[in-house]
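In order, the protein sequence lines correspond to chains F and W.
Just so you know, we're using the numbering used here here: the first sequence kicks off at 1 and counts up by one.
Just so you know, we're using the numbering used here here: the second sequence kicks off at 1001 and counts up by one.
Ideal Cβ placement from N, Cα and C applies to all residues, glycine included.
2 protein chains.
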Amino acid sequence: MTMTKTNLSHELLEQLENHMQKFSYGSSPEELYEPISYIMSLGGKRIRPLLTLLAYSLYRDDYEKALTPASAVEVFHNFTLVHDDIMDEAPLRRGKPTVHKKWNINNAILSGDVMLVKAYDMLLHVPEDKLAVCLRLFNQTATEVCEGQQHDMNFESNKAVLESEYVEMIRQKTAVLLGFALQYGAILAGASQDDAQHLYDFGVNIGIGFQLKDDLLDVYADKAKFGKQVGGDIIANKKTFLLIKAKELAIDGDKEELESWLSKVDFDKEEKVKAVTALYDKLGIKNITEAKMESYFERGFNQLTTLDVVNQEALLALKGLTQNLIEREK
Amino acid sequence: MTMTKTNLSHELLEQLENHMQKFSYGSSPEELYEPISYIMSLGGKRIRPLLTLLAYSLYRDDYEKALTPASAVEVFHNFTLVHDDIMDEAPLRRGKPTVHKKWNINNAILSGDVMLVKAYDMLLHVPEDKLAVCLRLFNQTATEVCEGQQHDMNFESNKAVLESEYVEMIRQKTAVLLGFALQYGAILAGASQDDAQHLYDFGVNIGIGFQLKDDLLDVYADKAKFGKQVGGDIIANKKTFLLIKAKELAIDGDKEELESWLSKVDFDKEEKVKAVTALYDKLGIKNITEAKMESYFERGFNQLTTLDVVNQEALLALKGLTQNLIEREK
């Protein structure tokens, strides 16, 4: 298996960026449309539309036809970022002010609403005989993403979150959109229902794996490579897989120490990160999380074995992109 | 022309209420779905889906098939109410706490988002060969509604709003959705493109007229019948057609007096309402607004003269419903 992005991924990404840059969402009133151009131009890896184009390319070589439909997934994703950032009171997104900080909350609500409508408008660019099925799957996915976000918010005020509840939350909040992106590309290219389902399952499983990787990196990343503060989740008592697992496994003195750090209001940040990380180490949390993550990646890759693809280069590119994301250090 | 709702309007409204009550938006997490049931159960006149069903009934007698598609318009309308109420910091809606007051802003944002997705999901219940055209028109309408809301917010901080800008704002914010509701019903029933366009234009024109009526009632309603404080717009310096027109026409002492009331921070509410109303009277604002309103109603009704309808009872019902709304006193 190749470990780097192939030329196909590069080509698709370049075409996609060109295509998205040329896309006009609207112009007046500018308070409504400038935030859309702003958030869309902040960059990001464009993983979701790239997955759509790669899945499409497994079966057909005219991916140009899928550029607008693929962009719908990226617009939807960015809509969720704009509204989630309001809810999470996040000041920064990709190192820049969030929309509700740069403009205001009302602009961020309304621009986000228009983005969701624009995503549906881009979906209209699918072939007419595929519109109903794409719309149905998109609606189902969008609903689950919102449900996941609500569960995530509920978890913040919910003392005891089970591992299974956490995994279900990240499945909804982040993984189903990766699954949809792939399934959608396959459907647009006329793949069999079986293949489309396998690609969906691949996306959901690697999506859960990616979130566990995020949780791990936040604690165990190489400071020099990570690009943001290591231990941010620990400082904020964020209910990640690591913390949920640690709370489940810690007993006696470890349990007391963990609870004590979680309830402290005044603390030295570095000291807390060091102490909680030491507890994680003692409890073997890193290995447990890695094993869980690997099992999702394996389950994901297993879905690819029975695909009936036309273009093997695209399959290599899909595997390569995924492998790069698995091995990322930030 | 009949001046009361016909039996058909009553029948459609009853069927629609039954249908919407049975509709399940989802259940878990409850913080996401309870606000949807709540806002949808607060009532209202259900004008928009009723217009869809009436337009459908002009051409076909199996309106049952249009109940779910028609409900999509009501769900969309209620989505805009939930998000607009956040932006306007409104504490009450139909005499009950708004969603963001009863729950919180985050719940209101996210429940609203899901409502928009659910509206698209209900739109999927149109016949597949009509899905693309309905989706395209719905997206265009939804975009204009958001643009209208942004213009409305901009007007609050914009000192000089022209009459033409105000009419364009209310066209987008409220009238196009009435136009869409009618056009959509006609399309679903297989009406000609001409008829669908005439019904759209009817809806937009009466929609503008209805908003002018709202502006008028807020100042000139019969206190005993109005059900809320007369003069609320005057107290809040709301840029209605009446105020915009008064600012345009007032000169010398009248102009100074009007500007003085607009800039006062501490004032007796009753005194301000009385003084500004007296200025409106002196400037003939009531007559000017009524004439403008009537011209929109006339332009609207003119659209109905060339329709090629099958069911005359439905046309009478549509005219009757509109006439009742024109003559409403609250």
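Check each candidate in the options and name the one with the smallest Cα separation from residue i.
i, options, result
"Tyr1166/W", "Gln1149/W, Val1075/W, Thr1052/W", "Gln1149/W"
"Ile1039/W", "Ala1317/W, Glu1128/W, His1100/W", "His1100/W"
"Arg1048/W", "Leu1177/W, Leu1188/W, Phe1079/W", "Leu1177/W"
"Ile187/F", "Ala132/F, Glu147/F, Gly209/F, Lys159/F", "Ala132/F"
"Phe301/F", "Thr289/F, Cys134/F, Leu321/F, Asn311/F", "Leu321/F"
"Gly185/F", "Leu243/F, Ile285/F, Ser157/F, Phe138/F", "Phe138/F"
"Asn1324/W", "Glu1031/W, Val1114/W, Ile1206/W, Glu1168/W", "Ile1206/W"
"Glu1011/W", "Gly1227/W, Lys1330/W, Ala1317/W, Gln1183/W", "Ala1317/W"
"Ser1024/W", "Leu1032/W, Ser1037/W, Glu1014/W, Glu1031/W", "Ser1037/W"
"Lys245/F", "Lys286/F, Ala181/F, Gln211/F, Pro29/F", "Lys286/F"
"Gly1209/W", "Cys1146/W, Ala1291/W, Phe1180/W", "Ala1291/W"
"Gly1284/W", "Leu1243/W, Asp1252/W, Leu1262/W, Tyr1296/W", "Leu1243/W"
"Val1126/W", "Leu135/F, His125/F, Pro127/F, Val126/F", "Leu135/F"
"Lys1213/W", "Phe1155/W, Pro1035/W, Ser1027/W, Met1293/W", "Met1293/W"
"Gly1179/W", "Glu1089/W, Ala1142/W, Phe1155/W", "Ala1142/W"
"Ile251/F", "Tyr280/F, Lys223/F, Lys269/F", "Tyr280/F"
"Phe1297/W", "Gln1211/W, Asn1311/W, Leu1053/W, Lys1045/W", "Gln1211/W"
"Ser28/F", "Glu1089/W, Ser1192/W, Ser1028/W, Met1169/W", "Met1169/W"
"Leu92/F", "Ser295/F, Lys228/F, Ile235/F, Leu249/F", "Lys228/F"
"Ala1160/W", "His1077/W, Leu1262/W, Leu1110/W, Gln1140/W", "Leu1262/W"
"Asp268/F", "Ile326/F, Ala236/F, Ser164/F", "Ala236/F"
"Asp152/F", "Lys238/F, Ile109/F, Ile326/F, Asp129/F", "Lys238/F"
Where does residue i sit, in a helix, a strand or coil, going by DSSP?
i, result
"Leu1092/W", "strand"
"Pro1097/W", "strand"
"Thr1141/W", "helix"
"Arg328/F", "coil"
"Asp308/F", "coil"
"Gly1284/W", "coil"
"Asn1104/W", "coil"
"Gln1323/W", "helix"
"Gln303/F", "coil"
"Pro69/F", "helix"
"Asp85/F", "helix"
Among residues of its own chain, excluding the 5 on either side of residue i, which ones have a beta-carbon nearer than 8 Å to its beta-carbon?
i, result
"Lys264/F", "Lys272"
"Leu1307/W", "Leu1058, Asp1195, His1198, Leu1199, Leu1315"
"Gln1183/W", "Ala1055, Leu1137, Ala1196, Gln1197, Leu1199, Tyr1200, Gly1203"
"Ile1105/W", "Ile1086"
"Asp1233/W", "Asp1215, Asp1218, Val1219, Thr1240, Leu1242, Leu1243"
"Asp254/F", "Leu279, Lys282, Leu283"
"Leu42/F", "Arg93, Arg94, Lys96"
"Pro69/F", "Thr52, Met122, Leu123, His125, Val126, Cys134, Tyr184, Leu188"
"Asn107/F", "Glu31, Leu32, Pro35, Val99, His100"
"Glu1329/W", "Leu1217, Ala1221, Asp1222, Lys1225, Phe1226"
Residues in the same chain with beta-carbon distance under 7 Å from residue i, minus the five sequence neighbours each way, listed in chain order, please.
i, result
"Gly1112/W", "Phe1079, Val1082, His1083"
"Ala72/F", "Ala119, Met122, Leu123"
"Ser1157/W", "none"
"Val309/F", "Leu58, Tyr59, Leu315"
Identify, in the order they occur along the chain, each residue of the same chain with its Cβ nearer than 6 Å to the Cβ of residue i, setting aside the five sequence neighbours on each side.
i, result
"Glu313/F", "Leu8"
"Ala1221/W", "Val1230"
"Glu1014/W", "none"
"Met1115/W", "Ile1036, Val1075, Phe1079"
"Gly1044/W", "none"
"Ala1181/W", "Arg1048, Leu1051, Thr1052, Val1073"
"Trp103/F", "Pro35"
"Glu1163/W", "Ile1244"
"Thr174/F", "Gly207, Gln211"
Starting from residue i, find everything on chain A with Cβ-Cβ shorter than 9 Å and list it in chain order.
i, result
"Glu156/F", "The chain inventory of the structure shown lacks chain A, comprising the protein chains F and W."
For a test of your reading of the model: does the CB of residue i fall under 8 Å from any non-hydrogen atom of the ligand NAP? Yes or no.
i, result
"Ile1326/W", "The ligand NAP is not among the ligands present in this structure, which contains no ligands whatsoever."
Report the residue ranges of all alpha helix (DSSP H) runs contained in full by the region 1183-1234 of chain W; include only those spanning at least 4 residues, in chain order. Within the region 1183-1234 of chain W, the complete alpha helix (DSSP H) runs of at least 4 residues are 1193-1220, 1223-1226.
Pairing CB atoms from the region 1015-1031 of chain W with CB atoms from the region 1059-1068 of chain W, are three or more of them under 8 Å? Result yes; three or more Cβ-Cβ pairs closer than 8 Å.
Given 8 Å, three or more beta-carbon pairs between the region 1254-1261 of chain W and the region 1275-1287 of chain W: By the criterion of at least three beta-carbon pairs nearer than 8 Å, the region 1254-1261 of chain W is in contact with the region 1275-1287 of chain W.
To test your reading of the DSSP string, which unbroken alpha helix (DSSP H) runs of 4 or more residues are found completely within the region 225-282 of chain F? The qualifying runs are 232-235, 241-249, 252-263.
Contained alpha helix (DSSP H) runs [length at least 4] in the region 1113-1163 of chain W, N- to C-terminal order: Whole alpha helix (DSSP H) segments, 4+ residues: 1128-1156.
Continuous alpha helix (DSSP H) assignments of at least 4 residues falling wholly in the region 6-67 of chain F: If you keep only unbroken alpha helix (DSSP H) runs of at least 4 residues inside the region 6-67 of chain F, you get 7-22, 30-40, 47-57.
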